[in-house]
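Peer 1:
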Amino acid sequence: MSEELKEKLFDKKENGWKSVNEEEKKAIFDFSKGYMDFLNQAKTEREFIKMARKLADENGFRDIIEFETLKSGDKVYFVNRNKSMYLAIIGTESIEKGLHIIGSHVDSPRLDLKPNPLYEDTEMAYFKTHYYGGIKKYQWTTIPLSIHGTIVKTNGEKIDICIGEDDNDPIFTITDLLPHLAQDQMEKKLKNGIDGEDLNLLIGSMPYEGRGKDQVKLNILNILNQKYGITEADLTSTEIELVPAFKARSLGLDESMVAAYGQDDKVCAYTSLVAMMELENVKNTAVCILSDKEEIGSMGNTGMESHMFDFFISEILNKLGVNKPNLLDKVFCFSKMLSSDVDAGFDPIYASVSDKTNAGFIGKGISLNKYTGARGKSGASDANAEYVAWVRNVLEKNDIHYQVAELGKVDIGGGGTIAYIIANKGADVIDCGVPVLSMHAPYEVTSKFDVYSAYKTYKAFWNA
431 MSEELKEKLF DKKENGWKSV NEEEKKAIFD FSKGYMDFLN QAKTEREFIK MARKLADENG
491 FRDIIEFETL KSGDKVYFVN RNKSMYLAII GTESIEKGLH IIGSHVDSPR LDLKPNPLYE
551 DTEMAYFKTH YYGGIKKYQW TTIPLSIHGT IVKTNGEKID ICIGEDDNDP IFTITDLLPH
611 LAQDQMEKKL KNGIDGEDLN LLIGSMPYEG RGKDQVKLNI LNILNQKYGI TEADLTSTEI
671 ELVPAFKARS LGLDESMVAA YGQDDKVCAY TSLVAMMELE NVKNTAVCIL SDKEEIGSMG
731 NTGMESHMFD FFISEILNKL GVNKPNLLDK VFCFSKMLSS DVDAGFDPIY ASVSDKTNAG
791 FIGKGISLNK YTGARGKSGA SDANAEYVAW VRNVLEKNDI HYQVAELGKV DIGGGGTIAY
851 IIANKGADVI DCGVPVLSMH APYEVTSKFD VYSAYKTYKA FWNA
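For the sequence shown, this note's numbering assigns the number 431 to the initial residue and increments by one for each residue that follows.
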């Protein structure tokens with residue numbers, strides 16, 4: 431009797447793989463292969479947006495600037511400075527009834543070059559870096575790194591570079607002390623073991639022919655000049671990022687997981703983007719946000735704090751021919767959003783930082799965070815009960831595995847996403863993403879089951 435009652439009353443979140451048949455397993459693995467292939471080509475926000483635009487063009491989307499008027503079924507996008515992107519499919523319902531928005535971010539923790547990066551010391555050439563986002567600095571030493579980015583010359587010429595991804599390319603690294611001489615270093619607190627100013631990328635050691643100072647630096651500049659036609663001054667107008675040269679790979683003897691750089695938050699960006707490509711005849715206008723700068727507070731004109739997203743929605747209202755005073759505010763107030771950012775996956779090796787009954791587990795499906803923030807919910811967007819129930823209903827009707835979680839114990843830490851920004855406009859918002867192990871590390875881990883669950887979730891949300 432008690433077992434029957436438990437079955438009826440307990441909220442049991444089981445490993446999703448237990449419910450998967452061979453056909454479903456193949457679909458999950460095939461989808462994950464596409465995801466890993468995409469990750470290998472889109473390690474930076476510019477690369478992701480370039481790939482996203484190509485995919486959108488192939489699936490019938492057009493730049494909103496090309497439209498004079500819009501109607502139900504039209505598929506539009508707007509690319510903001512090649513680093514963020516908004517996509518929409520116009521619904522059959524009046525847009526005054528609100529949008530269904532899914533928002534993720536395509537930037538990830540990394541190392542950026544300083545404005546004046548190149549120097550030589552004891553006949554070794556280095557690039558100085560400035561880390562971007564929350565990283566453990568020691569994790570970025572002694573691993574293979576690649577150089578990605580864009581150089582813009584004063585005449586407007588733009589040069590894209592990517593060195594270290596092809597097997598025939600050289601790679602780069604940041605050196606560390608050998609244990610024999612690291613006694614003082616190892617006495618420091620872990621966060622101070624490597625200083626930010628010591629994250630300098632080793633890029634060469636061969637001097638240019640001749641005598642004099644800085645001959646190794648000269649040789650590096652000569653190589654860059656011959657290959658890209660740039661001088662040292664051109665390095666001041668660049669966006670060059672250093673990212674791990676690791677490839678996205680299947681993880682585990684059972685190949686059930688994905689190991690890759692930048693899964694925070696490209697796993698949610700990719701799954702929502704692919705889901706949107708498959709939509710037809712939506713009721714509420716469907717909107718997909720691929721934002722930038724989330725890892726440093728969503729600031730700037732490519733981050734969600736800018737008014738560029740409002741501009742995109744205003745353009746939709748204008749081209750539908752329905753715009754009027756305060757309509758933008760009304761549309762947001764009746765909108766629903768999934769802030770599709772990753773959650774911290776429970777790691778049994780570090781169980782002490784999590785409340786096990788309120789943690790997200792890999793392999794158990796999409797993770798809902800009713801609120802994030804820190805300590806007393808500071809900085810949190812707290813979803814109301816009615817909206818949580820609405821989202822649960824969508825998931826359960828579509829037989830999608832989900833779990834409701836928090837990011838760590840109450841006073842341990844916390845986190846934030848873009849949820850509060852859209853919530854501040856009046857929309858109902860909840861965080862909804864994939865649990866990740868080793869979040870913000872150079873190599874993060876997700877479950878293929880959860881990746882596929884995210885894709886199913888986002889598609890079901892837009893079709894609700």
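Even glycine gets a Cβ: it sits at the ideal position worked out from N, Cα and C. Treat the numbers as computed from the prediction; the structure is a model and nothing was measured.
Can you tell which of Lys754, Phe764, Met869 has its C-alpha closest to the C-alpha of Gly856?
Peer 2: Position 426 of the sequence shown, counted from the first residue, corresponds to residue 856. Residue Phe764 is the option with its Cα nearest to Gly856.
Peer 1: Excluding the 5 residues flanking Asn652 on each side, which residues of the same chain have their C-beta closer than 7 angstroms to its C-beta?
Peer 2: By one-based count along the sequence shown, residue 652 stands at place 222. Correct list, in chain order: Tyr638.
Peer 1: Determine the direct distance from the alpha carbon of Gly793 to that of Asn510, and round the result to whole angstroms.
Peer 2: In the sequence shown, counting from the first residue as 1, residue 510 sits at position 80. In the sequence shown, counting from the first residue as 1, residue 793 sits at position 363. Each residue's alpha carbon lies about 35 angstroms from the other.
Peer 1: Runs of 4 residues minimum, wholly inside the stretch 450-487: which ones carry the alpha helix (DSSP H) assignment?
Peer 2: 452-471
Peer 1: Assign Asp861 to one of three DSSP states: helix, strand, or coil.
Peer 2: Along the sequence shown, read from residue 1 onward, the residue named residue 861 stands at position 431. Correct three-state label for Asp861: strand.
Peer 1: State yes or no: is the C-beta of Lys839 within less than 8 angstroms of the C-beta of Asp777?
Peer 2: As a working mapping, residue 839 is identified with position 409 in the sequence shown. As a working mapping, residue 777 is identified with position 347 in the sequence shown. No.
Peer 1: Which two residues bound the contiguous beta strand (DSSP E) that contains Asp606?
Peer 2: Looking up residue 606 in the sequence shown gives position 176. No beta strand (DSSP E) contains Asp606, which DSSP labels as neither H nor E.
Peer 1: Is it buried or exposed for Gln471, if we count other Cβ within 10 angstroms and need 16 for buried?
Peer 2: The sequence position of residue 471 within the sequence shown is 41, counting from 1. So Gln471 ends up on the exposed side.
Peer 1: Can Ala716 and Gly521 be called in contact, C-beta distance under 8 angstroms?
Peer 2: As a working mapping, residue 716 is identified with position 286 in the sequence shown. As a working mapping, residue 521 is identified with position 91 in the sequence shown. Yes, these two residues count as a Cβ contact at 8 angstroms.
Peer 1: Spell out a yes or no on whether the stretch 685-703 and the stretch 874-881 are touching, meaning 3 or more CB-CB pairs, one atom from each, closer than 8 angstroms.
Peer 2: yes
Peer 1: I need the DSSP call for Leu439, collapsed to helix, strand or coil.
Peer 2: Counting from one through the sequence shown, the residue named residue 439 turns up at place 9. Here Leu439 sits in helix by DSSP.
Peer 1: Identify, in the order they occur along the chain, each residue of the same chain with its Cβ nearer than 8 angstroms to the Cβ of Asp773, setting aside the five sequence neighbours on each side.
Peer 2: Within the sequence shown, residue 773 is the residue found at index 343, counting from 1. Only Gly790, Ser797, Asn799, Ala835, Leu837, Asp861, Gly863, Val864, Pro865, Val866 meet the Cβ criterion.
Peer 1: Does the ligand GDP have even one heavy atom less than 7 angstroms from the beta-carbon of His560?
Peer 2: The ligand GDP is not part of the structure shown, which contains no ligands of any sort.
Peer 1: Please give the ranges of any alpha helix (DSSP H) in the stretch 490-535, keeping only runs that are unbroken, at least 4 residues long and fully inside the region.
Peer 2: none
Peer 1: From the DSSP output, read off the bridge partner residues of Cys592.
Peer 2: Translated into the one-based positions of the sequence shown, residue 592 becomes position 162. In the DSSP output, where bridge partners are listed per residue, Cys592 has His578.
Peer 1: Is the number of C-beta pairs between the stretch 670-684 and the stretch 464-478 that are closer than 8 angstroms three or more?
Peer 2: Between the stretch 670-684 and the stretch 464-478, the count of C-beta pairs closer than 8 angstroms reaches three or more; the two stretches touch.
Peer 1: Go to Gln656, then tell me how far its beta strand (DSSP E) extends in each direction, as first and last residue.
Peer 2: Counting from 1 along the sequence shown, the entry for residue 656 is found at position 226. In the DSSP assignment, Gln656 falls outside any beta strand (DSSP E) and within the unbroken alpha helix (DSSP H) covering 645-658.
Peer 1: So if DSSP puts Cys718 in a beta bridge, which residue, or which two residues, is it bridged to?
Peer 2: On the sequence shown, residue 718 is found 288 positions in, with the first residue counted as 1. For Cys718, which the question treats as bridged, DSSP gives the partners Leu517, Ile532.
Peer 1: With a CB to CB cut of under 7 angstroms and the five nearest residues on each side skipped, what residues in its chain are close to Trp570?
Peer 2: One-based indexing of the sequence shown puts residue 570 at position 140. Here the set comprises Leu541, Ile604, Leu629, Pro872.
Peer 1: According to DSSP, is Tyr562 part of a helix, a strand, or is it coil?
Peer 2: Walking along the sequence shown from the start, residue 562 turns up at place 132. In this structure, Tyr562 counts as strand in the three-state DSSP scheme.
Peer 1: Kindly indicate which three-state DSSP category Thr552 falls into: helix, strand or coil?
Peer 2: Counted from its first residue, the sequence shown places residue 552 at position 122. Coil at Thr552, not helix or strand.
Peer 1: Using 8 angstroms for Cβ pairs, my map puts Ile581 next to Thr668. What's the rounded Cβ distance?
Peer 2: The residue labelled residue 581 in the question sits at position 151 within the sequence shown. The residue labelled residue 668 in the question sits at position 238 within the sequence shown. Confirmed, Cβ separation roughly 5 angstroms.
Peer 1: Count Cβ pairs between the stretch 738-758 and the stretch 559-578 that sit closer than 8 angstroms; are there 3 or more?
Peer 2: no
Peer 1: With C-beta atoms as the reference, is Ser769 less than 8 angstroms away from His831?
Peer 2: Here the question's residue 769 lines up with position 339 in the sequence shown. Here the question's residue 831 lines up with position 401 in the sequence shown. Their beta carbons are not under 8 angstroms apart, which means Ser769 does not touch His831 by this criterion.
Peer 1: Which residue or residues does DSSP assign as beta-bridge partners of Pro674?
Peer 2: Here residue 674 is taken as the residue at index 244 of the sequence shown, counted from 1. In the DSSP output, where bridge partners are listed per residue, Pro674 has Leu575.
Peer 1: In chain order, what residues of the same chain have a beta carbon less than 7 angstroms from the beta carbon of Asn489, not counting five sequence neighbours either side?
Peer 2: Reading the sequence shown from its first residue, position 59 is the one you call residue 489. Excluding sequence neighbours, Asn489 sits near Met707.
Peer 1: When the Cα of Asp515 is compared with those of Arg822, Lys760, Phe742, Ile848, which residue comes out closest?
Peer 2: Numbered from 1 along the sequence shown, position 85 holds the residue referred to as residue 515. Before going on, a small fix: residue 515 reads as Met here, not Asp. The option with the nearest alpha carbon to Met515 is Phe742.
Peer 1: Tell me Gln615's beta-bridge partners as DSSP assigns them.
Peer 2: Taking the first residue of the sequence shown as position 1, residue 615 is located at position 185. Per DSSP, none; premise fails for Gln615.
Peer 1: On a CA-only basis, which of Phe891, Tyr549, Leu611 is nearest Lys827? Give me that one, please.
Peer 2: By 1-based counting over the sequence shown, the position of residue 827 is 397. Minimum Cα distance to Lys827 is reached at Phe891.
Peer 1: CB-CB under 8 angstroms to Pro574, same chain, minus the five flanking residues each way: which ones, in chain order?
Peer 2: Along the sequence shown, read from residue 1 onward, the residue named residue 574 stands at position 144. The answer, listed in chain order, is Gly594, Ile601, Phe602, Thr603, Pro674, Ala675, Phe676.
Peer 1: Are the CB atoms of Met729 and Ser721 nearer to each other than 8 angstroms?
Peer 2: Here residue 729 corresponds to residue number 299 of the sequence shown, with the count starting at 1. Here residue 721 corresponds to residue number 291 of the sequence shown, with the count starting at 1. Ser721 sits away from Met729, with the two beta carbons spaced by 8 angstroms or more.
Peer 1: For Ala815, name the three-state secondary structure that DSSP assigns.
Peer 2: For the purposes of this step, residue 815 is taken as residue 385 along the sequence shown, with counting starting at 1. Shown here, Ala815 sits in a helix according to DSSP, grouped into three states.
Peer 1: Who are Ala689's beta bridge partners in DSSP?
Peer 2: Position 259 of the sequence shown, counted from the start, is the residue given in the question as residue 689. For Ala689, which the question treats as bridged, DSSP gives the partners Arg679, Val875.
Peer 1: Which residues in the same chain have their Cβ closer than 7 angstroms to the Cβ of Leu631, if we skip the five residues on either side of it in sequence?
Peer 2: Stepping through the sequence shown from its first residue, residue 631 is reached at position 201. If we look at Leu631 and ignore the five residues flanking it on each side, its Cβ neighbours are Tyr556, Phe557, Thr559, Leu575, Phe602, Ile604, Leu672.
Peer 1: Contact between the stretch 492-499 and the stretch 690-697 is defined here as three or more beta-carbon pairs at a separation below 8 angstroms; is this criterion met?
Peer 2: no
Peer 1: Let me make sure I understand the geometry here. Which of Asp537, Phe739, Tyr549 has the alpha-carbon closest to that of Glu662?
Peer 2: Working through the sequence shown from its first residue, we reach residue 662 at position 232. Among Asp537, Phe739, Tyr549, the Cα nearest to that of Glu662 is on Tyr549.
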